[in-house]
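Chemist: Quick note: the sequence shown uses this note's numbering, first residue 25, plus one each step.
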Amino acid sequence: MMDYNSLLSKTVLDMKPSGIRKFFDILSEMNDVVALTVGQPDFVTPWHIREAAIDSLEKGKTYYTSNAGTTELREELSKYMLRRFDLNYCPKNEIIVTVGGSEAIDIALRAVINPGDEVILPSPSFVCYGPIADMCGATVKVIETKMENSFKLTPSELKAAITDKTKLLILPFPNNPTGAILTKEELEALADVIRDTNILVLSDEIYAELTYGRRHVSFASIDGMWERTIVVNGFSKAYAMTGWRLGFACAPHDIAVQMLKIHQYAIMCSPTVSQFAALEALKNGDDDIEFMRAEYNRRRVFILEGLRKIGIECFEPEGAFYIYPNIGKFGLSSEEFCERLLYDYKCAIVPGTAFGECGEGFARISYAYSVKHISEALERIEKFVNTLK
């Protein structure tokens, strides 16, 4: 009989499954659940984008593209990054089209990390960074951000975490799950900490188009930071294109060429039909972004006021489409709170601990749903918390 424990990767065996998936699995076996769990726009991909994809299929454009993506798409991405974020990338050798932002994160980490390197990761954050860094042989140094600091990474925290083994800082802002952002002044303060080091930065900016009250500023646009920064972005959130699985990475040539090697061997190229859809999104999708951002902002205000009215303390999110309420006062762990809410009141939210241990006492709620859906969820949450008072 095969002893799989001796054959499988110890790193993978020791890896915990995503805490989000547990609740998705429970949801799949329940009926009449009001779920605010998924970080997926409830909008359908705009018609003109879908039409461009259909047109590409009708014309038989079902071939492989170049490894890094079509030349036309990379040229349009270069224009987009300059137009929207004041960043200048060469379309020929500094932009790679990937299978979602997740692949961009994966190849970025694998391209720069050597076993024994240290990676600094602010937490709570999206679930994939730590496990991928672990698989690369890195030591992950978690910085637990705090509600009193609006869940922002501070210069003093960053400075204290740096050692002579630090290779990479991950900047996941706008942040999933907290909705925190970093302003230009705050980014400049972080840049001052690493300016005279050899530390690289992975800036995950997938929610760059979804900020409220101010425009997103990319870390790569801060003086002296372009040459050390890999910017990850994609089409899922801004254009409601989650199922198209298309992202991209922008990096200095010397880094991008190594990332492209991994992409070549692991993926070959991103889906061709999705690339044609993305090209249309970049050319004619600015109005779509503005419309969806305005609607998310309306929902953001609605759910923030609703939770506070119930008596749940909330940090006001400034980006993405999540809110991160503090549920610690109810005397239950985050997982217990979410499980009882799900089983007893058929309302699904995600425990804060799914995004790091410092998420204990918090939960993540997505407001990428209709106001009607959010309103029903708020009613069920109110009934539940009334039993805990």
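From the three backbone atoms N, C-alpha and C, an ideal C-beta is built for every residue, glycine too.
Could you give the distance in angstroms between the alpha-carbon of residue 361 and the alpha-carbon of residue 111?
Modeler: Between residue 361 and residue 111, the C-alpha separation is close to 43 Å.
Chemist: Please report the Cβ distance between residue 92 and residue 119, rounded to the nearest whole angstrom; I am assuming they are in contact, meaning their Cβ atoms lie under 8 Å.
Modeler: Yes, residue 92 and residue 119 are in contact; Cβ-Cβ is about 7 Å, under 8 Å.
Chemist: What span of residues does the alpha helix (DSSP H) with residue 57 cover, start to end?
Modeler: Counting along the chain, residue 57 falls outside any alpha helix (DSSP H), and DSSP gives it neither H nor E.
Chemist: Could you check the C-alpha separation between residue 186 and residue 60 for me, to the nearest Å?
Modeler: Using only the alpha carbons, I get a separation of about 37 Å.
Chemist: State the Cα-Cα distance for the pair residue 225 and residue 410, rounded to the nearest angstrom.
Modeler: Near 45 Å, if we compare the C-alpha coordinates of residue 410 and residue 225.
Chemist: Give me the Cβ distance between residue 346 and residue 203, rounded to the nearest whole Å; I'm assuming they're in contact under 8 Å.
Modeler: Contact holds; Cβ gap of about 5 Å.
Chemist: Between the segment 190–207 and the segment 372–384, do three or more beta carbon pairs fall short of 8 Å?
Modeler: They touch, by the three-pair rule.
Chemist: Kindly confirm or deny that the segment 326–335 and the segment 251–259 touch, where touching means at least three C-beta pairs closer than 8 Å.
Modeler: The segment 326–335, when compared against the segment 251–259, does not touch it at the 8 Å Cβ threshold.
Chemist: Using 8 Å as the threshold, is the segment 258–275 in touch with the segment 115–130, meaning 3 or more CB pairs across them?
Modeler: These segments touch.
Chemist: Residue 242 by DSSP, collapsed to three states: which one?
Modeler: In this structure, residue 242 counts as coil in the three-state DSSP scheme.
Chemist: Residue 29 lies in the alpha helix (DSSP H); which residues open and close that run?
Modeler: Per DSSP, residue 29 belongs to the alpha helix (DSSP H) from 28–31.
Chemist: What span of residues does the alpha helix (DSSP H) with residue 99 cover, start to end?
Modeler: Counting along the chain, the alpha helix (DSSP H) containing residue 99 begins and ends at 95–109.
Chemist: Pick helix, strand or coil for residue 142, following the three-state DSSP scheme.
Modeler: Strand.
Chemist: What are the boundary residues of the alpha helix (DSSP H) that includes residue 210?
Modeler: Here the alpha helix (DSSP H) through residue 210 covers 208–218.
Chemist: For a minimum of 4 consecutive residues, which ranges assigned as the alpha helix (DSSP H) are wholly contained in the segment 149–182?
Modeler: Listed in chain order, the complete alpha helix (DSSP H) runs (minimum 4 residues) inside the segment 149–182 are 153–159.
Chemist: From residue 99 to residue 286, what does the alpha carbon distance come to, in whole angstroms?
Modeler: Those two C-alpha atoms are separated by around 22 Å.
Chemist: With residue 253 as the anchor, note down where its beta strand (DSSP E) starts and where it stops.
Modeler: Its beta strand (DSSP E) spans residues 253–258.
Chemist: Using three-state DSSP, classify residue 228 as helix, strand or coil.
Modeler: Strand at residue 228.
Chemist: Secondary structure at residue 271, three-state DSSP: helix, strand or coil?
Modeler: Of the three classes helix, strand and coil, the one that applies to residue 271 here is strand, per DSSP.
Chemist: Flag residue 370 as yes when its Cβ comes closer than 7 Å to any non-hydrogen atom of the ligand NAD, and as no otherwise.
Modeler: Absent from the structure shown: the ligand NAD. Ligands present: none.
Chemist: When DSSP labels each residue in this structure, what does residue 121 get in the three-state scheme?
Modeler: Strand.
Chemist: Just checking my contact of residue 102 with residue 87 at CB under 8 Å: how many whole Å lie between their CB atoms?
Modeler: Not a contact, Cβ separation roughly 23 Å.
Chemist: Please tell me whether residue 203 has its Cβ less than 8 Å away from any Cβ of chain D.
Modeler: Among the chains in the structure shown there is no chain D, since it carries only a single protein chain.
Chemist: Any idea what DSSP makes of residue 68, helix, strand or coil?
Modeler: The answer is coil: DSSP assigns residue 68 none of H, G, I, E or B.
Chemist: Start and end of the beta strand (DSSP E) containing residue 344?
Modeler: Element bounds for residue 344: n/a, residue is neither H nor E.
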